[in-house]
Ligand code: IMP
Ligand code: MG
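Numbering (this note's numbering), first residue to last: 44 to 221.
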């Protein structure tokens, strides 16, 4: 059986919820007069997106994009592969892209470029976690919950080989488990 006890969380469920309330207030203020479309990047953003949306005091629409980092990354091909695209026409819309974590920045950079070609009125990015030390492309999130050091984390949507997403807290993956 694969255990799911990681000892002390990096962020507890309560700390995550408090941070999401703050983000929700900021986003509700910033988009008060707008017609916001939220796009979640599957699968990692699922839990964050669900909780963030419940903390917004504005009317929003939502859609999902399912992407995965592609093996062709090192061969100069497109760095992300789209497994399932959004169904919404985003032309003229205010769009907020939601992702679990910004690491090298390659995924969000590629998704932003792809979405900008569809001419949204605006496009911003919100991530729960930010690992700025690992950046390979010059990009910053417009909204970021927690800045974390260069450690591999799991829980609350974040996975290691598609496991541990269901943990209600975020923990550092012990090195021996990798
Ligand atoms: P980037 O393209 O390097 O910014 O990577 C983004 C993707 O890598 C995220 O959407 C995550 O799926 C994954 N990732 C990066 N760091 C972590 C981590 O610490 N835990 C779990 N997944 C991670
Ligand atoms: Mg992932």
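Even glycine gets a Cβ: it sits at the ideal position worked out from N, Cα and C.
Using the Cα positions of residue i and residue j, report the straight-line distance between them to the nearest angstrom.
i           : j           : result
residue 187 : residue 172 : 6 Å
residue 195 : residue 131 : 33 Å
residue 95  : residue 218 : 30 Å
residue 215 : residue 169 : 21 Å
residue 161 : residue 153 : 13 Å
residue 104 : residue 213 : 27 Å
residue 115 : residue 48  : Unreliable placement is indicated for residue 115, whose pLDDT of 49 sits below 50; the coordinate value is still reported in the next sentence. For residue 115 and residue 48, the distance between alpha carbons rounds to 34 Å.
residue 184 : residue 192 : 16 Å
residue 81  : residue 135 : 14 Å
residue 205 : residue 62  : 25 Å
residue 52  : residue 86  : 21 Å
residue 67  : residue 167 : 14 Å
Does the beta-carbon of residue i, which I'm using as the reference point, lie nearer than 8 Å to any heavy atom of the ligand IMP?
i           : result
residue 145 : yes
residue 202 : yes
residue 161 : no
residue 197 : yes
residue 158 : no
residue 23  : Here the chain comprises residues numbered 44 to 221, so residue 23 is not present and cannot be evaluated.
residue 188 : no
Which residues mark the beginning and the end of the alpha helix (DSSP H) in which residue i is found?
i          : result
residue 67 : 56-73
Counting along the chain, where does the beta strand (DSSP E) carrying residue i start and finish?
i           : result
residue 84  : 79-85
residue 150 : Premise fails: residue 150 lies in the alpha helix (DSSP H), 149-159, not in any beta strand (DSSP E).
residue 187 : 186-190
Quick one: what's got a C-beta closer than 7 Å to residue i's C-beta in the same chain, skipping five residues either side?
i           : result
residue 101 : 71, 74, 75 and 79
residue 175 : 190
residue 126 : 109, 110 and 111
Can you list, in chain order, the residues of its chain whose CB lies under 8 Å from that of residue i, leaving out five sequence neighbours each side?
i           : result
residue 150 : 84, 110, 112, 122, 123 and 142
Give me, in chain order, the residues of the same chain whose beta-carbon lies closer than 6 Å to that of residue i; leave out the 5 immediate sequence neighbours on both sides.
i           : result
residue 165 : 137
residue 208 : 200 and 202
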